[in-house]
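Have a look at the structure below before the remarks.
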Amino acid sequence: MRYSLVNLIINIIDFYSFLILISVLGSWIDPFNKSKIFQTVRKFTEPYLKLFRIIIPIGNMNLDISPVIGLFILNYILKGIILRILY
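As C-alpha coordinates, then:
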(Lines of atoms letter the chains of each structure in order from A; the text may use other names.)
(Lines give C-alpha, C1' and ligand atoms only; values in the text may rest on other atoms or scores of the structure.)
Protein backbone atom coordinates (compact mmCIF):
# COMPACT_ATOMS: atom_id res chain seq x y z
CA MET A 1 0.00 0.00 0.00
CA ARG A 2 2.80 2.40 0.90
CA TYR A 3 4.59 1.80 -2.39
CA SER A 4 1.46 2.39 -4.46
CA LEU A 5 0.79 5.67 -2.64
CA VAL A 6 4.35 6.82 -3.27
CA ASN A 7 4.06 5.81 -6.94
CA LEU A 8 0.82 7.76 -7.23
CA ILE A 9 2.43 10.88 -5.73
CA ILE A 10 5.44 10.58 -8.03
CA ASN A 11 3.15 10.15 -11.06
CA ILE A 12 1.20 13.26 -10.06
CA ILE A 13 4.46 15.22 -9.73
CA ASP A 14 5.57 13.97 -13.16
CA PHE A 15 2.24 14.93 -14.74
CA TYR A 16 2.33 18.39 -13.16
CA SER A 17 5.91 18.84 -14.38
CA PHE A 18 4.68 17.99 -17.87
CA LEU A 19 1.92 20.61 -17.53
CA ILE A 20 4.53 23.22 -16.57
CA LEU A 21 6.54 22.38 -19.69
CA ILE A 22 3.39 22.68 -21.82
CA SER A 23 2.72 26.05 -20.19
CA VAL A 24 6.22 27.24 -21.09
CA LEU A 25 5.83 26.08 -24.68
CA GLY A 26 2.43 27.74 -24.79
CA SER A 27 3.93 31.06 -23.73
CA TRP A 28 6.19 30.90 -26.80
CA ILE A 29 3.60 29.58 -29.24
CA ASP A 30 0.64 31.63 -27.99
CA PRO A 31 2.05 34.63 -26.08
CA PHE A 32 -1.33 36.42 -26.00
CA ASN A 33 -3.06 33.44 -24.36
CA LYS A 34 -5.82 33.00 -26.96
CA SER A 35 -5.73 29.20 -27.18
CA LYS A 36 -8.22 27.39 -24.92
CA ILE A 37 -5.76 24.53 -24.37
CA PHE A 38 -3.01 26.82 -23.12
CA GLN A 39 -5.49 28.84 -21.05
CA THR A 40 -6.57 25.64 -19.30
CA VAL A 41 -2.99 24.53 -18.69
CA ARG A 42 -2.09 27.94 -17.29
CA LYS A 43 -5.07 27.83 -14.91
CA PHE A 44 -3.51 24.74 -13.32
CA THR A 45 0.13 25.85 -13.35
CA GLU A 46 -0.08 29.59 -12.65
CA PRO A 47 -0.93 29.40 -8.91
CA TYR A 48 2.16 27.26 -8.26
CA LEU A 49 4.48 29.19 -10.57
CA LYS A 50 3.34 32.51 -9.11
CA LEU A 51 5.06 31.50 -5.86
CA PHE A 52 8.44 31.58 -7.61
CA ARG A 53 7.91 34.40 -10.13
CA ILE A 54 11.21 36.16 -10.68
CA ILE A 55 11.48 38.24 -13.83
CA ILE A 56 14.93 39.15 -15.10
CA PRO A 57 15.13 42.03 -17.59
CA ILE A 58 17.31 41.22 -20.60
CA GLY A 59 17.50 44.11 -23.04
CA ASN A 60 13.99 44.81 -24.31
CA MET A 61 12.70 41.44 -23.09
CA ASN A 62 11.94 39.88 -19.73
CA LEU A 63 12.92 36.36 -18.71
CA ASP A 64 10.64 34.56 -16.27
CA ILE A 65 12.54 31.84 -14.41
CA SER A 66 9.63 30.61 -12.28
CA PRO A 67 9.22 27.40 -14.37
CA VAL A 68 12.86 26.50 -13.78
CA ILE A 69 12.55 27.01 -10.02
CA GLY A 70 9.17 25.26 -9.90
CA LEU A 71 10.42 22.22 -11.83
CA PHE A 72 13.55 22.04 -9.68
CA ILE A 73 11.52 22.00 -6.49
CA LEU A 74 9.04 19.44 -7.81
CA ASN A 75 11.54 17.03 -9.28
CA TYR A 76 14.52 17.20 -6.98
CA ILE A 77 13.33 18.29 -3.59
CA LEU A 78 9.86 16.71 -3.38
CA LYS A 79 10.83 13.49 -5.12
CA GLY A 80 13.95 13.31 -2.97
CA ILE A 81 11.90 13.68 0.20
CA ILE A 82 9.43 11.03 -0.96
CA LEU A 83 12.18 8.58 -1.88
CA ARG A 84 13.93 9.15 1.48
CA ILE A 85 10.68 8.39 3.30
CA LEU A 86 10.27 5.24 1.24
CA TYR A 87 13.80 3.92 1.76
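Quick note on my numbering: the sequence shown kicks off at 1 and runs consecutively.
Note that the Cβ used here is the ideal one computed from N, Cα and C, for glycine as well.
Could you check where the alpha helix (DSSP H) with I71 kicks off and where it finishes? It is worth fixing the name first, because residue 71 is Leu in this sequence and not Ile. S66 to F72 is the span of the alpha helix (DSSP H), which, as asked, contains L71.
Sequence-distant residues of the same chain with beta carbon closer than 6 Å to T45, five excluded per side: L19, I20 and S23
Can you tell me whether N7 is helix, strand or coil according to DSSP? helix
Going by the DSSP bridge assignment, what does I56 pair with across the sheet? L63
S66 classed as buried or exposed, judged by whether at least 16 other C-beta atoms fall within 10 angstroms: buried
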